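Engineer: Let me give you the structure first, and then I'll get to my questions.
Residue numbers (the working numbering): -11 to 346.
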């Protein structure tokens, strides 16, 4: 008997449906005008003295993935993420987290939901100055009523994960900015939440420290497999970290896809301008530039015996190195079968197109 195909919907942890957030005393009237008259963000501000922060956003985040939400300042990305743990109430729409309607929770259940289900890492670290590093990390566990010995054990383990095991008895002011951000991440991990919300956690750090923390977070994510929503205004960061990326503008989601989708097929001029400075060398994969094997052999005949081999996930940089060393085409394989061919022509065309849009 054939096994049923996996249902992607079963793997959705965060389900955001038609969410709007309008700020201002006249938010309800503004929402009515949006639905009935189709007013723009600018018109809503002028007529109702209201600000549209999030506009009709629908998206889902799958179990274990890092989902990056990015955009310029004022695009609505941080406003959107605060609906997931209900730090903000939507003006309209629905937010489901692992089957739980976050908007329907009464206060006591909402507190429990935030404490156990969701961990949040802020840009400004949010460490309490009068508590030691270990006490800061253990704070969510203290709120749960876990005894001191157990919460210290868990806190030490989390501190070790972020490579700060020797700093547990220090205070926040004794740590550098990068170390403080690691403590903030350790605090979120100590609570062992199902979902991590990270609101521009590395943006206040120096470039070198920022890149180091990105690398550490990528390694940690591979081990812990937490479902993560990562907010950033930096496309390079989103490309490095994200399994999928949502680009926002004026409160709306303009495009959702993996880095390769967005770089190779921008939805509009705004996205194209956003990705213009991104190098394709580490982003574009062999499967995106290959041609059909049967079509190649029909035009050029059988593949040469000295053809090179590459996996469909190999990036453009690797393909270039193979093409430099050998004239023969590259046979692309996936799941132990040959699926396509890449020649120097496809490689050069992809590089040139990327240069022309830069």
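Beta carbons are placed, not taken as given, at the ideal position from N, Cα and C, and that holds for glycine.
Small disclaimer: the values here were computed from a predicted structure and weren't measured.
Do the CB positions of residue 176 and residue 107 come within less than 7 Å of each other?
Structural biologist: The answer is yes: Cβ separation under 7 Å.
Engineer: Among 313, 324, 322, 323, which one has its Cα closest to the Cα of residue 331?
Structural biologist: Measuring from the Cα of residue 331, the nearest candidate turns out to be 313.
Engineer: Restricting to Cα atoms, I'd like to know which of 253, 18, 24 is closest to residue 38.
Structural biologist: Closest option to residue 38, Cα to Cα, is 18.
Engineer: Skipping 5 residues on each side, what residues in its chain have a beta carbon closer than 8 Å to that of residue 158?
Structural biologist: Excluding residues within five positions, the ones whose Cβ falls inside 8 Å are 120, 121.
Engineer: Counting only the same chain and skipping the five closest in sequence on each side, list residues whose C-beta sits under 6 Å from that of residue 40.
Structural biologist: If we look at residue 40 and ignore the five residues flanking it on each side, its Cβ neighbours are 10, 29, 32, 239.
Engineer: Under 7 Å, do residue 188 and residue 219 count as touching if we go by C-beta distance?
Structural biologist: Against a cut-off of 7 Å, the Cβ pair of residue 219 and residue 188 comes out as a contact.
Engineer: Could you tell me the alpha carbon to alpha carbon distance between residue 171 and residue 294, rounded to whole angstroms?
Structural biologist: Using only the alpha carbons, I get a separation of about 53 Å.
Engineer: Do three or more CB pairs link the segment 251 to 264 to the segment 94 to 101 at distances below 8 Å?
Structural biologist: No, the segment 251 to 264 does not touch the segment 94 to 101.
Engineer: Quick check on residue 288: buried or exposed, where buried means 16 or more other Cβ atoms within 10 Å of its Cβ?
Structural biologist: Counting Cβ neighbours within 10 Å, residue 288 comes out exposed, since fewer than 16 surround it.
Engineer: Is residue 19 near the ligand GDP, going by C-beta to nearest heavy atom under 6 Å?
Structural biologist: Of the ligands one can find in the structure shown there are none, so the ligand GDP has no counterpart to examine.
Engineer: Just to confirm the assignment: which complete beta strand (DSSP E) runs, minimum length 3, are found wholly within the segment 75 to 132?
Structural biologist: Here the runs fully enclosed are 80 to 85, 106 to 109.
Engineer: My output table needs one value for residue 172: the three-state DSSP class, helix, strand or coil.
Structural biologist: Reduced to three states, the DSSP call for residue 172 is helix.
Engineer: DSSP puts residue 177 in a beta bridge; with which residues?
Structural biologist: DSSP, once it has assigned bridges, lists no residue as partnering residue 177.
Engineer: Could you give the first and the last residue of the continuous beta strand (DSSP E) run that contains residue 5?
Structural biologist: From DSSP, the beta strand (DSSP E) with residue 5 extends over 0 to 11.
Engineer: Which residues in the same chain have their Cβ closer than 6 Å to the Cβ of residue 48, if we skip the five residues on either side of it in sequence?
Structural biologist: Contacts found: 0, 3.
Engineer: My output table needs one value for residue 58: the three-state DSSP class, helix, strand or coil.
Structural biologist: Note: residue 58 maps to strand in three-state DSSP.
Engineer: Within 10 angstroms of the Cβ of residue 59, are there 16 or more other Cβ atoms? Answer buried if so, exposed if not.
Structural biologist: When all chains shown are included, residue 59 counts as buried.
Engineer: Ignoring anything shorter than 4 residues or poking outside the segment 278 to 302, list the alpha helix (DSSP H) runs there in chain order.
Structural biologist: Segments of the alpha helix (DSSP H) lying fully in the segment 278 to 302: 281 to 288.
Engineer: Give me the Cβ distance between residue 273 and residue 311, rounded to the nearest whole Å; I'm assuming they're in contact under 8 Å.
Structural biologist: At roughly 15 Å, the Cβ-Cβ gap does not stay under 8 Å, so residue 273 and residue 311 are not in contact.
Engineer: State the start and end residues of the unbroken alpha helix (DSSP H) segment that holds residue 34.
Structural biologist: 29 to 36 is the span of the alpha helix (DSSP H), which, as asked, contains residue 34.
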